[in-house]
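Enquirer: Chains as they are written, first to last, in the working numbering: chain A, 11 to 344; chain B, 33 to 272; chain C, 697 to 1049.
1) Tell me whether residue 106 of chain A is buried or exposed, calling it buried when 16 or more other Cβ atoms sit within 10 Å of its Cβ.
2) For the stretch 150 to 161 of chain B, enumerate the residues whose C-beta is nearer than 8 Å to any C-beta of chain C, in chain order.
3) Identify the contact partners of residue 336 of chain A in chain C, using a Cβ-Cβ distance below 7 Å as the criterion.
4) In or out: residue 235 of chain B buried (at least 16 other Cβ within 10 Å) or exposed?
5) Should residue 251 of chain A and residue 131 of chain A be called a contact, given that it needs their Cβ atoms to be closer than 9 Å?
6) Shorter than 9 Å from the beta carbon of residue 320 of chain A to some beta carbon of chain C?
7) Identify every residue that forms a DSSP beta bridge with residue 63 of chain B.
8) Judging by CA-CA distance, which residue of A:294, A:169, A:98 and A:175 is the nearest neighbour of residue 73 of chain A?
9) Determine the DSSP secondary structure at residue 720 of chain C, reduced to helix, strand or coil.
10) Measuring straight from C-alpha to C-alpha, what distance separates residue 44 of chain A and residue 37 of chain A?
11) To test your reading of the DSSP string, which unbroken beta strand (DSSP E) runs of 3 or more residues are found completely within the stretch 781 to 827 of chain C?
12) Counting only the same chain and skipping the five closest in sequence on each side, list residues whose C-beta sits under 6 Å from that of residue 11 of chain A.
13) Does residue 1043 of chain C pass the burial test, meaning 16 or more other C-beta atoms within 10 Å, or should it be called exposed?
14) Are the stretch 750 to 765 of chain C and the stretch 882 to 900 of chain C touching, with three or more C-beta to C-beta distances below 8 Å?
15) Identify whether residue 218 of chain A lies in helix, strand or coil by the three-state DSSP scheme.
16) Secondary structure at residue 215 of chain B, three-state DSSP: helix, strand or coil?
17) From the beta carbon of residue 932 of chain C, is the nearest beta carbon of chain A less than 9 Å away?
18) Is residue 913 of chain C helix, strand or coil by DSSP?
19) Quick one: measure Cβ to Cβ for residue 756 of chain C and residue 863 of chain C, integer angstroms, because I've assumed they're closer than 8 Å.
20) Which full runs of the beta strand (DSSP E) of 3+ residues lie inside the stretch 152 to 207 of chain B, going along the chain?
21) Rounded to the nearest angstrom, what separates residue 899 of chain C and residue 923 of chain C at their Cα positions?
22) Which ranges would you report for the beta strand (DSSP E) in the stretch 64 to 136 of chain A if only whole runs of at least 3 residues count?
23) For residue 201 of chain A and residue 270 of chain A, which I take to be in contact (beta-carbon distance under 8 Å), what is that distance rounded to the nearest angstrom?
24) Using a C-beta cutoff of 9 Å, does residue 929 of chain C count as contacting chain A?
25) Could you check where the beta strand (DSSP E) with residue 53 of chain B kicks off and where it finishes?
26) With a threshold of 7 Å on Cβ separation, who are the neighbours of residue 232 of chain B within its own chain once the five nearest residues in sequence on each side are excluded?
27) Relative to the C-alpha of residue 844 of chain C, which residue among A:77, A:308, A:195 and A:326 is closest?
28) Going by alpha carbons, who is nearest to residue 86 of chain B out of B:51, B:195 and B:61?
29) Does residue 969 of chain C come out as helix, strand or coil in the three-state DSSP assignment?
30) Counting beta carbon pairs with one atom in the stretch 967 to 977 of chain C and one in the stretch 738 to 751 of chain C, are three or more of them shorter than 8 Å?
31) Starting from residue 978 of chain C, find everything on chain A with Cβ-Cβ shorter than 7 Å and list it in chain order.
32) Count the other C-beta atoms from every protein chain shown that fall within 10 angstroms of the C-beta of residue 205 of chain B, then say buried if there are 16 or more, exposed otherwise.
33) Where in the stretch 61 to 109 of chain B do unbroken runs of the alpha helix (DSSP H), each at least 4 residues long, occur, reported from the N-terminal end onward?
34) Could you check whether residue 70 of chain A and residue 305 of chain A sit closer than 9 Å to each other, using their CB atoms as the reference points?
35) Using 10 angstroms around the beta-carbon of residue 1045 of chain C, count the other beta-carbons present and answer buried if the total reaches 16, otherwise exposed.
36) Taking the Cβ atom as the reference point for each residue, do residue 776 of chain C and residue 817 of chain C lie within a distance shorter than 9 Å?
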């Protein structure tokens, strides 16, 4: 066997065993999840209708979380940056939509459409002006500190402008759908479908377009990509912009569902991070699965620990992941 | 009893047999060269012996102790020290402090460690750069730094991983000389290398690896004339 | 039996001849000397300060100690903590709880708080260190834990809930209970001494064998391991020390202000106050956090003043929550963007050229 064949075969074999291990873990989690849900139904001392409601809501919420995490994981995969500001950018998007709704009476979803290019532009500019210098020189700590700074700045400026008073965009669509005994508001369904649509669109862009190709090239080999003429700095900025656009969509879709306060941003930062860690940093599919899992954990968990209590459960998932499988479900070997 | 005994060492990655049933015996003051085409498993073998990689099966006995599966830092503390092919200096420290880290294995006080480090640097002719940052060293200098760090550990057995890689021919000869001197001082060396001139000049014994297995072993001049060895190298050239 | 390689014997300088003088690490002595000067200055400072000046100075000292702790873990040790409030708060609340609920001496409470904080930090670090992305995980974990602790104390009756703890004002001076008459210079000298101790600890540590090994592990784990250094242990030691130092800052905070609440102990402002001084002064340097604290301390007091009673032209700032952290965040962003090595770091680079 030639060297090249040896290397290829070994890579394929390692890949295969990695995929098998990921599949096993996923099956394990599904099994545990199903068992846990059954337990909740049978001995959980909660009204079955409520449980079904929680599950349905969790799945729908999970879809939106997935979108947030996909953005985060994309940024990490391409730039190597853990974007601490992801959660706060989500909150910013929500408040953007709120402003548009309150000032000109725009419908929520139209405001969301407007928010997307705004956030994209913001992300693009942030990466170009603040982060590129650090990312291009391979610095790891600088971007981490920078995104922390951005996160805190966004949240606190929002606090100063809008105060900590909970606000709401009001209802976007009246009515709900009954599915398996659970009452699902149309807003939730739209949020879920919208998130899934954007995630799929993103995956298609990454895989099928030449633009997506240049992103993937930069992700795996920035030096090589630069040599073949790719403007790495611009790809970085575009990727960050896309990540911001993802949270713009997610934020607008979620706005009718939540009571907004600026500090919600910090909670989302933690959520998005836990999801990405659970799924495996850099793995888009993992981010989606992770989003679903965490969505369910939150809603079913809040049956027992209302409000911020469910955050503790999410926390527990994080610690458990770190303990049992730090690379996440779809992460590579340690 | 030999200083280092490797018995049936094997390492699989999934279905890939990187190293298959390799056995070596190293006695005091030996100089064992390990050669073989790319992908033959030489560095994997090294990594297992030095503790960076656990073997799939087999045993490593060092100075009478079974060190199989020991972690890298314990192996190094025991006296089995390796260098790296890709230099890994501690970027925030001076050359002297880099070596002092290694000296600290045997010296508790900073001053004693630094004094010892300076002596080692003199041995490898790097003392004039002692106070410089590692960033200012040439490749040859960095190679000597790697060597100095390893020597400051006062190793019983030294594992050198392609210590000549990246050096231009003019830089190689001094390094070969240095290694010969160190061997003369009593050092025991296992040595992975591609550059045949160095291998032939330094090795007392030669091991040829091919596709994870040991192909031939013995006196260097006899081994290179072994028809199986010739075929392994020539065969590779044909495919490439 | 092979003998260890005696590289020295044949080629070393003749026995009895000393190695050159510069081999002895003089930097440690210089730093201790500088520390001595600083201590002397601080000893006499109260005599020249007004009451207002002294309160700014104490605030600066507390922040400096907090930042020194952060810098040891994150700058020197390389593990970035984004929720150092977690450890500061443990110190602050342990002091409050033990003093208020059990009448225990704050000196003892300080030590207890330091130990608890060290255990917490070490555990979190240990869990995060088992995968290659330890850095990002640890940053998030500390961030999340600070949030978690905030939530916990807000909701637990025994820990004061949202009201926090108020220290009882004693009628007489007491060194045992760390209380003196209002305006006493002891309130300045105690944190000054704590600062001195923290700096001495950091200087001693960085120049010790363990400290050098920590730096090696930070620079290159694999190489350090191949030189016989236990990576896990040398990653955890700076964490433990760091948590202890920052917890002590927290404990003194409670003592000085006679009060601690969820935001004061575990708020985001505290976590940022831990980071910004080191970033300004130079991450990983000994004096960086001190220099940075000289900027952040007065700034913190200024912002508190602005929020409490702003001048008429800026009346909209009254009670504007979030201003303090926003200002810190801007500072952080600007410095990281334009002077990532901080003041000392940049100076060090020039000197080495």
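Note that the Cβ used here is the ideal one computed from N, Cα and C, for glycine as well.
Expert: Looking at the coordinates:
1) Of the other Cβ atoms in all chains shown, 16 or more fall within 10 Å of the Cβ of residue 106 of chain A; this residue is therefore buried.
2) If you check each beta-carbon in the stretch 150 to 161 of chain B against every beta-carbon of chain C, the ones closer than 8 Å belong to 150, 151, 152, 154 and 155.
3) Result: 826 and 827.
4) With 16 or more other Cβ atoms inside 10 Å of its own Cβ, residue 235 of chain B counts as buried.
5) Yes, the pair counts as a contact, with Cβ atoms nearer than the cut-off.
6) Taking a beta-carbon distance threshold of 9 Å, residue 320 of chain A does not count as an interface residue toward chain C.
7) In the DSSP output, where bridge partners are listed per residue, residue 63 of chain B has B:221.
8) With distances taken between Cα atoms, residue 73 of chain A lies closest to A:294.
9) Under the three-state reduction of DSSP, residue 720 of chain C is assigned to coil, being neither helix nor strand.
10) One C-alpha to the other measures close to 10 Å.
11) Entirely contained in the stretch 781 to 827 of chain C, not one beta strand (DSSP E) run reaches 3 residues.
12) With a pLDDT of 40 at residue 11 of chain A, under the threshold of 50, the modelled position of this residue cannot be trusted, and the question is left open.
13) Residue 1043 of chain C is exposed by the Cβ-count criterion.
14) By the C-beta criterion, the stretch 750 to 765 of chain C is judged to be in contact with the stretch 882 to 900 of chain C, since at least 3 inter-stretch pairs fall below 8 Å.
15) The three-state reading of DSSP puts residue 218 of chain A in helix, counting H, G and I together.
16) Assigned with DSSP and collapsed to three states, residue 215 of chain B falls in helix.
17) No, its Cβ sits nowhere closer than 9 Å to a Cβ of chain A.
18) Looking at residue 913 of chain C - three-state DSSP - the assignment turns out to be helix.
19) Approximately 22 Å separates the beta-carbon atoms of residue 756 of chain C and residue 863 of chain C; this is outside 8 Å, ruling out the contact.
20) For the stretch 152 to 207 of chain B, the full-length beta strand (DSSP E) segments reaching 3 residues or more read 189 to 193 along the chain.
21) When rounded, the distance between both Cα atoms is 24 Å.
22) Correct list: empty.
23) Between the beta-carbon of residue 201 of chain A and that of residue 270 of chain A there is about 15 Å, and that puts the pair past the 8 Å contact cut.
24) Judged by the 9 Å Cβ criterion, residue 929 of chain C is not in contact with chain A.
25) Segment 48 to 58, the beta strand (DSSP E) holding residue 53 of chain B.
26) Cβ neighbours of residue 232 of chain B beyond the five flanking positions: 252.
27) The shortest Cα separation from residue 844 of chain C among A:77, A:308, A:195 and A:326 belongs to A:326.
28) Just measuring C-alpha positions, the residue of B:51, B:195 and B:61 sitting nearest residue 86 of chain B is B:51.
29) In the structure shown, residue 969 of chain C falls within a helical segment according to DSSP collapsed to helix, strand and coil.
30) Taking a cut-off of 8 Å for Cβ pairs, the stretch 738 to 751 of chain C and the stretch 967 to 977 of chain C do not touch, as fewer than three such pairs fall below it.
31) In chain order: nothing, as chain A lies at least about 13 Å away.
32) It is exposed - the Cβ of residue 205 of chain B has fewer than 16 other Cβ atoms within 10 Å.
33) List check, alpha helix (DSSP H) in window: 74 to 82.
34) With respect to the 9 Å criterion, residue 305 of chain A and residue 70 of chain A are classified as neighbours on the basis of their beta carbons.
35) Here residue 1045 of chain C is exposed. Its C-beta has fewer than 16 other C-beta atoms within 10 Å.
36) Not closer than 9 Å, so no.
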